[in-house]
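In order, the protein sequence lines correspond to chains A and B.
First residue of the first sequence: 111, per my numbering; consecutive thereafter.
First residue of the second sequence: 34, per my numbering; consecutive thereafter.
Glycine included, C-beta positions come from ideal geometry on N, C-alpha and C.
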Amino acid sequence: MVYIVGILALVFLVLTITVIVRMQKVLKGVKSSETGEGLPQGNRWNGAMFILFLVFALVASTWSFLVAEKDFLPEASSIHGRRTDDLFWFSMGILTIACIVVNFLLFFFSWKYQYKKGNKATFYPENHKLELIWTVIPAVVMATLVFTGWRAWSDITSDAPKDSEVVEIVGKQFGWIVRYPGVNDKKLGNYNYKLIDAQNELGIDLSDEFSFDDFTNPSEMHIPVNKPVLLKIRARDVLHSVFIPHLRVKMDAVPGMPTRFWFVADKTTNEMRAELGNPDFDYEIACTEICGQGHFGMRMRLVIEDEVSYRKWCAEQKTFLQTYPDYLAKVPANLKAKALQYMPTQTTESTETTPADSTSVDAASGGAGTSASLR
Amino acid sequence: MSVVETGIGTTVHAEEHEHHEEQNFWRKYIFSEDHKVIAKQYLITGIMWSVIGIAMSVVFRIQLGFPNANLSWLKPVLGQWINDTGQLDPNFYLALVTMHGTIMVFFVLTAGLSGTFSNFLIPLQIGARDMASGFLNMLSYWFFFTASVIMFSSLFLQTGPAAGGWVIYPPLSALPQAHIGSQMGMTLWLVSMTLFIVSQLLGGINYITTVINLRTRGMAFNRLPLTIWAFFITAILGLISFPVLLSAALLLIFDRHFGTSFYLSEIYINGEALPNVGGSPILFQHLFWFLGHPEVYIVLLPALGITSEIIATNSRKPIFGYRAMIASLIGIAFLSFIVWAHHMFVTGMNPFLGSVFMFLTLIIAVPSAVKAFNYTTTLWRGNLVFTPAMLFSIGLVSLFVTGGLTGIILGNSALDIQLHDTYFVVAHFHIVMGAASAFGLFAGVYHWFPKMFGRMMNNTLGQIHFWLTFTGIYLVFFPMHYIGIAGFPRRYYQFTTYNFSSSFTDLNAFISVAAILSFLAQFIFLWNFFYSIFKGKKSPQNPWRSNTLEWTAPINPGHGNWVGEIPPVYRWPYDYSKPGAPEDFIPQNVPYSQTPESNLPHENEEIAMEKVIEAQNFNDQFKEAH
Ligand code: HEM
Ligand SMILES: [Cu+2]
Ligand SMILES: [Cu+2]
Numbered sequence: 111m112v113y114i115v116g117i118l119a120l121v122f123l124v125l126t127i128t129v130i131v132r133m134q135k136v137l138k139g140v141k142s143s144e145t146g147e148g149l150p151q152g153n154r155w156n157g158a159m160f161i162l163f164l165v166f167a168l169v170a171s172t173w174s175f176l177v178a179e180k181d182f183l184p185e186a187s188s189i190h191g192r193r194t195d196d197l198f199w200f201s202m203g204i205l206t207i208a209c210i211v212v213n214f215l216l217f218f219f220s221w222k223y224q225y226k227k228g229n230k231a232t233f234y235p236e237n238h239k240l241e242l243i244w245t246v247i248p249a250v251v252m253a254t255l256v257f258t259g260w261r262a263w264s265d266i267t268s269d270a271p272k273d274s275e276v277v278e279i280v281g282k283q284f285g286w287i288v289r290y291p292g293v294n295d296k297k298l299g300n301y302n303y304k305l306i307d308a309q310n311e312l313g314i315d316l317s318d319e320f321s322f323d324d325f326t327n328p329s330e331m332h333i334p335v336n337k338p339v340l341l342k343i344r345a346r347d348v349l350h351s352v353f354i355p356h357l358r359v360k361m362d363a364v365p366g367m368p369t370r371f372w373f374v375a376d377k378t379t380n381e382m383r384a385e386l387g388n389p390d391f392d393y394e395i396a397c398t399e400i401c402g403q404g405h406f407g408m409r410m411r412l413v414i415e416d417e418v419s420y421r422k423w424c425a426e427q428k429t430f431l432q433t434y435p436d437y438l439a440k441v442p443a444n445l446k447a448k449a450l451q452y453m454p455t456q457t458t459e460s461t462e463t464t465p466a467d468s469t470s471v472d473a474a475s476g477g478a479g480t481s482a483s484l485r
Numbered sequence: 034m035s036v037v038e039t040g041i042g043t044t045v046h047a048e049e050h051e052h053h054e055e056q057n058f059w060r061k062y063i064f065s066e067d068h069k070v071i072a073k074q075y076l077i078t079g080i081m082w083s084v085i086g087i088a089m090s091v092v093f094r095i096q097l098g099f100p101n102a103n104l105s106w107l108k109p110v111l112g113q114w115i116n117d118t119g120q121l122d123p124n125f126y127l128a129l130v131t132m133h134g135t136i137m138v139f140f141v142l143t144a145g146l147s148g149t150f151s152n153f154l155i156p157l158q159i160g161a162r163d164m165a166s167g168f169l170n171m172l173s174y175w176f177f178f179t180a181s182v183i184m185f186s187s188l189f190l191q192t193g194p195a196a197g198g199w200v201i202y203p204p205l206s207a208l209p210q211a212h213i214g215s216q217m218g219m220t221l222w223l224v225s226m227t228l229f230i231v232s233q234l235l236g237g238i239n240y241i242t243t244v245i246n247l248r249t250r251g252m253a254f255n256r257l258p259l260t261i262w263a264f265f266i267t268a269i270l271g272l273i274s275f276p277v278l279l280s281a282a283l284l285l286i287f288d289r290h291f292g293t294s295f296y297l298s299e300i301y302i303n304g305e306a307l308p309n310v311g312g313s314p315i316l317f318q319h320l321f322w323f324l325g326h327p328e329v330y331i332v333l334l335p336a337l338g339i340t341s342e343i344i345a346t347n348s349r350k351p352i353f354g355y356r357a358m359i360a361s362l363i364g365i366a367f368l369s370f371i372v373w374a375h376h377m378f379v380t381g382m383n384p385f386l387g388s389v390f391m392f393l394t395l396i397i398a399v400p401s402a403v404k405a406f407n408y409t410t411t412l413w414r415g416n417l418v419f420t421p422a423m424l425f426s427i428g429l430v431s432l433f434v435t436g437g438l439t440g441i442i443l444g445n446s447a448l449d450i451q452l453h454d455t456y457f458v459v460a461h462f463h464i465v466m467g468a469a470s471a472f473g474l475f476a477g478v479y480h481w482f483p484k485m486f487g488r489m490m491n492n493t494l495g496q497i498h499f500w501l502t503f504t505g506i507y508l509v510f511f512p513m514h515y516i517g518i519a520g521f522p523r524r525y526y527q528f529t530t531y532n533f534s535s536s537f538t539d540l541n542a543f544i545s546v547a548a549i550l551s552f553l554a555q556f557i558f559l560w561n562f563f564y565s566i567f568k569g570k571k572s573p574q575n576p577w578r579s580n581t582l583e584w585t586a587p588i589n590p591g592h593g594n595w596v597g598e599i600p601p602v603y604r605w606p607y608d609y610s611k612p613g614a615p616e617d618f619i620p621q622n623v624p625y626s627q628t629p630e631s632n633l634p635h636e637n638e639e640i641a642m643e644k645v646i647e648a649q650n651f652n653d654q655f656k657e658a659h
């Protein structure tokens, strides 16, 4: 910190001294150098400054990059993420070269061809061949970048595989709520924004039997590793945007227009903790669309785990109906019997102790079988 | 068309009469119809806005760089927005960001840059007495002024000014209950911007008509300085795109006040499900960016035009590839209308559309690259004079290149997934649009100050101002790329909520310090500017030994610009250092018949055309019979 501010202060100090020295010359009267004869005023030091700046910029940008690099995000934890990262650094490489070359020429020419008495500039209004060359070169480079980018984009935005794990994530002022399709029917129930109230924060429609085993979570999202995950994204009030920096995932949440994004995460939270040597590491979900006062604080924890622990976690979650049994009243009469399966009396005890958990997993998968055959 | 023509008719009439009698103070300096006075009005208003806008960025930079700083000392200015423990209110942070963006883009760089120089230079460089309609031109400024007053007054509302980002995406901006910035502040924002758009349209119509109809004898389109080409194309861009923003704003006003659902659907907020269904927030984004993207060129093209002119003059060389420069201007302008959705890759838009917009966006890089190469080649084997204007122009090219290149990354939809709405974007657009255009503004002021005020600005102070600003801009915005690569989202009040954004506290402090120092450096300019208006050295007739027509007008051009006939034009504006010529410049109004020693073979044929040019209609608003 002190170090950086010190360097900055130094740069400005040097510049300020130049200012003062120059100022004195200004005050001493400039008429002599400014009129007709001799060099244009200050031409020489400005020419030199271009070279100085060039050197300074090269050194400063290289050094700062090396210092900053360790604070960049770690290698992407998703398959598409590594692909876009590679593409990013590849493009950056090409562009950095272009940037250095053009800026170098610009500054070098500025210094080299500064006004010299008696010199005359070369009258050189055009050269079609040259212009053609430098129209075609960027066009070709651009075409390559576009093509690779386009292929990645098409793959990323293609339809999610059929066996994707579906998770719904809903943005609201100011937080995320996730909803899982449940362990039995594995389908998200309908929703309707008019049904939203203080408990039913997502407007789950309990007249749809698929919603009976849905469960929600306002603080964590769990997903399995090495398995396609499809996020179904929506917003309740204003725009939000789901951003999972480590997975290179971003998609807006739009009220009235559900969006989606699918990906395969391939490093569990624990693997990342080990890799980074940071036992406190957590994946995080942030919001990147301005949504009001709490926009900067919509953190949600993301847990990536192996499939077994994931299934176990899912099974441990209380369904919406279990949490709020009152909503049984909203279930239509003909489905009441089915909904009753998910009522607290049947499962409250089983979530209490760990051994009971495994049985509930079994029961749950058995249940899924039944409901599937019922359909 | 007929409307415009009557407009011209009445102006001619009005001016004919005013010409003889001295105008009173009000007519001369306040409600003036003289394009030069209007240009200065735009410039001064723009400068005042830029001080406010940049000061705002300093406040939020302090917040970002030193999140724990005690800001009680700002209480006298910000009052209630600093709480008792000396912290900045998060709502007000967003308001500051929003106002900063709106002010810088629209009020400083659209009005202050394009408004100033289109007004000032079009008549002077094409050889016209004034704009086609001085009256509309005056109205244009006063609409802008009213818009400014309204926007400014919104800063003092109890609930604060608009705070939804400069793009004011609904539903946030449509629902007063969603944010305090969406209450009265948003209403005033919309009213102000509506007036602003009207102002832009009035101005744009004028610029276009003037360029088409009022060029002096011989000033064919292929002899127009590149400044005029740039202003002309900018005006067309504005004329096509601003009405779309106007509609977007009007529909938003309907949604806010009259219960319509253009942008609203299925919203539950503050314990209440709103009745609106069927609208689309994405519609607004399409409409907004249909203006928004051309808008970035509306601010940038005039700067590029100004730069072309200044680089040629001070390299003492013709601009390299005059035709390619025009072609690339037109290419960029055309393409700028069909790339808007690159701001919307991750809105859930159809991925196929994303692919199309990616292709179109990356095509823009080609004409832009051509421009950068042409500028560089113009410097090659020149005889460069580093006036402050020249320095800022070279600086502009550097920024244009550095910032433009990261656009190629962001235009790639696959890469934009990660980078969208992070500081990488902030870095990109500040360099390529903000700083580059601001450099165009500085360059223009330094270069045409003598024509505006008849005096010179201090050269050395200008050069120092340049180096401080140039270094400052890179120190502020270059490191922002790193922060963006690390995934820091923009419009965040603080970064400590997340682990992934808990790094870079030093770098953020560094950027803030650099921003403050760059801000302070601008006072050198302000002092130089205002001091020189009154006390600067008297300007010679043609201080930069330039070819364009404005330098043939009197040092302090009066109403009507030229005394006597408007000079005709015989050649293009870039005959610098022509082989054989005794001087290193030949102004546009020097006929080929007078320069046999330097004429190229095909130019000798043009000598025969001189009679034709001279015989042309005067095209002079004051001299035409009526
Ligand atoms: C010293 C000069 C400047 C500094 C330090 C500065 C800094 C910043 C920063 C840090 C942000 C992002 C804030 C956030 O997202 O939380 C921002 C936003 C912005 N700035 Fe600047 N800026 C400066 C000059 C300019 C100029 C010359 C322009 C003209 C184009 C400009 C246009 C914008 C726009 C359009 C935004 C986006 C506002 C929004 O998010 O709604 N800025 N500025
Ligand atoms: Cu948000
Ligand atoms: Cu754009």
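Asked: Is it buried or exposed, His-635 of chain B, if we count other Cβ atoms within 10 angstroms and call 16 or more buried?; Found: exposed
Asked: Which residues in the same chain have their Cβ closer than 7 Å to the Cβ of Gly-444 of chain B, if we skip the five residues on either side of it in sequence?; Found: His-375, Met-391, Thr-394 and Leu-395
Asked: Using CA atoms only, rank isn't needed, just tell me which of B:His-290, B:Ser-298 and B:Thr-293 is closest to Arg-346 of chain A.; Found: B:Ser-298
Asked: Evaluate the contact criterion for the segment 463-477 of chain B versus the segment 139-151 of chain B: three or more CB pairs, one atom per stretch, below 8 Å.; Found: yes
Asked: Nearest to Pro-600 of chain B by alpha carbon, out of B:Ile-588, B:Thr-581 and B:Ala-614?; Found: B:Thr-581
Asked: Count the other C-beta atoms from every protein chain shown that fall within 10 angstroms of the C-beta of Ile-245 of chain B, then say buried if there are 16 or more, exposed otherwise.; Found: exposed
Asked: Run down chain A in chain order and give the residues with a C-beta less than 7 Å from the C-beta of Phe-392 of chain B.; Found: Val-256
Asked: Ligand 2 and His-212 of chain B: does the residue's C-beta get closer than 7 Å to at least one heavy atom of that ligand?; Found: no
Asked: Can you pull the chain A residues whose beta carbon is under 8 Å from the beta carbon of Leu-205 of chain B, in chain order?; Found: Val-348, Leu-349, Ile-400, Cys-401 and Gly-402
Asked: Please identify, using Cβ separations under 9 Å, the residues of the segment 350-366 of chain A that lie next to chain E, in order along the chain.; Found: No chain E is present in this structure, whose protein chains are A and B.
Asked: Would you kindly work out how many angstroms separate the C-alpha atoms of Ile-95 of chain B and Leu-121 of chain B, rounded to a whole number?; Found: 10 Å
Asked: Which residues in the same chain as Gly-407 of chain A place their Cβ atom closer than 7 Å to its Cβ, once the five residues preceding and following it in sequence are excluded?; Found: Phe-284
Asked: Taking His-405 of chain A as the query, report the chain B residues whose CB atoms sit under 9 Å from its CB, ordered along the chain.; Found: Pro-123, Leu-127, Pro-522, Arg-524, Tyr-525 and Tyr-526
Asked: Residues of chain B with a CB under 8 Å from the CB of Arg-409 of chain A: which are they?; Found: Thr-530 and Tyr-531
Asked: Which residue spans inside the segment 458-535 of chain B form an unbroken beta strand (DSSP E) run of at least 3?; Found: none
Asked: Can a CB atom of chain A be found closer than 8 Å to the CB of Leu-424 of chain B?; Found: yes
Asked: Span of the alpha helix (DSSP H) holding Ile-210 of chain A?; Found: 189-222
Asked: Can you give the Cα-Cα distance for Ile-331 of chain B and Ile-363 of chain B, rounded to whole angstroms?; Found: 13 Å
Asked: Can you tell me whether DSSP reads Gly-325 of chain B as helix, strand or coil?; Found: helix
Asked: Listed from N- to C-terminal order along the chain, which residues in the segment 222-236 of chain A have their beta-carbon within a distance smaller than 8 Å of any beta-carbon of chain B?; Found: Tyr-223, Gln-224, Tyr-225, Lys-226, Asn-229, Lys-230, Ala-231, Thr-232, Phe-233, Tyr-234, Pro-235 and Glu-236
Asked: Tell me whether Pro-334 of chain A sits in a helix, a strand or coil according to DSSP, three-state version.; Found: strand
Asked: Compare the Cα-Cα distances from Leu-223 of chain B to each of B:Thr-179, B:Met-252 and B:Met-171 and report the closest residue.; Found: B:Thr-179
Asked: Check Tyr-290 of chain A in the structure and name its three-state DSSP category.; Found: strand
Asked: Would Pro-691 of chain B pass as an interface residue toward chain A - the criterion being a Cβ-Cβ separation below 8 Å?; Found: This structure cannot speak to residue 691 of chain B, because chain B is shown only from 34 to 659.
Asked: Quick test of your reading: Leu-154 of chain B and Thr-260 of chain B, contact by CB under 8 Å. State the CB separation rounded to the nearest angstrom.; Found: 6 Å
Asked: Considering only the alpha carbon of each residue, which of A:Val-348, A:Ala-270 and A:Gly-157 lies closest to Lys-226 of chain A?; Found: A:Gly-157
Asked: Considering only heavy atoms of ligand 3, does any lie closer than 7 Å to the CB of Val-200 of chain B?; Found: no
Asked: Less than 8 Å between the CB atoms is what I'm expecting for Met-490 of chain B and Tyr-479 of chain B, so what's the real figure, rounded?; Found: 6 Å
Asked: For Ser-631 of chain B and Ala-614 of chain B, which I take to be in contact (beta-carbon distance under 8 Å), what is that distance rounded to the nearest angstrom?; Found: 4 Å
Asked: How many angstroms separate the CA atom of Val-372 of chain B from the CA atom of Lys-61 of chain B?; Found: 43 Å
Asked: Thinking C-beta only, is Ser-545 of chain B closer than 8 Å to Phe-99 of chain B?; Found: yes
Asked: Tell me the DSSP bridge mates of Trp-199 of chain B?; Found: According to DSSP, Trp-199 of chain B bridges with nothing at all.
Asked: I want to see whether chain B comes within less than 8 Å of Gln-456 of chain A, judged by CB atoms only; does it?; Found: Any reading at Gln-456 of chain A is ruled out, since the residue's pLDDT is 47, under 50, leaving its predicted position unreliable.
Asked: Return no unless some Cβ of chain B is closer than 8 Å to the Cβ of Gly-387 of chain A.; Found: no
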